[in-house]
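Just below is one structure, and these are the notes that go with it.
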Amino acid sequence: MSNDKPQITKIEAIGIIISSIAALLAAFIAWNQNQIADQQNQKQNQIQIELQQIQESQFSRELEQKYVEIFYQEIVSGNSIRQNNALTLLLMIQPATGEKLNQWAKQSGLLTVKAKEESKKIETQLNSRIINSRFRLFIHLGQVNSRPVLERNLLIQKLESQGFQVVGFDNKSDKYGPGVDFFDEKDRKGAEKVVEIINTLLPPEATKLIVRRQNVMQREGVLGIWF
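Whatever position you read off the sequence shown (first residue = 1), add 15 for the working numbering.
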């Protein structure tokens, strides 16, 4: 009894298999090229960030040296207003350096009564910034549903002025909403402080960032910021 169904020869079958493999191979090559391109873009972005950080670090060191010179001149002046202004300058340099200079001023015997009061206030703020310096922030600038994303330099300025270390950026986004992720309960207060800083910068109508504990293994002091 004859079978009316068309028969596929071995050669035709091999041709179909080869065509399928070729299509899969082409798709894989395209995907691989996209992955390589993404990696190259990420490396280029990271290089640009590192170069900018080096330039900013060099500028900060030069500026800090100027602050130290001005600080000394104003403290030895014996004038309350000038001394208070000098103490305020300590908030514009590295917290550890500021703390050392404040301690020197306190022990010098040169501070007026008003300047001593200012020194105590500055000490509290510097201690807070030293505590914050243990945190390393990764900021994700990807946008979801037209939610506002703050400008990178503004974030660096505001966060680093409070002692936080901004160590990286990317354009990833989080569909679950804006927030600051922390991975160790010891870091909750640091995350809350970052949320407070950023939320004051956002437009009034914007969805505010919240603090989120993530159950993922990560080094202590690492925080992730999502818009």
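Even for Gly, the Cβ is constructed at its ideal location relative to N, Cα and C.
Nearest Cα to THR215 within the set GLN98, ASN186, LEU174, GLN229: LEU174. Within the same chain, and ignoring the five residues on either side of VAL231 in sequence, the residues whose Cβ sits closer than 7 Å to its Cβ are PHE198. In this structure ASN160 is exposed. Its beta-carbon is surrounded by fewer than 16 other beta-carbon atoms within 10 angstroms. By the CB criterion at 8 Å, LEU116 and PHE86 fall inside the cutoff.
Contact between LEU152 and GLN172 fails: their C-beta atoms lie close to 13 Å from each other, not under 8 Å. Taking the C-beta atoms as reference points, ASN99 is found nearer than 8 Å to LYS129. According to the DSSP assignment, ARG151 belongs to the beta strand (DSSP E) that extends over 151-155.
A direct Cα-to-Cα measurement between ILE146 and LEU104 gives close to 19 Å. The alpha-carbon of GLN122 is positioned some 26 Å away from that of GLU77. Taking the Cα positions, GLN177 is about 14 Å away from THR112.
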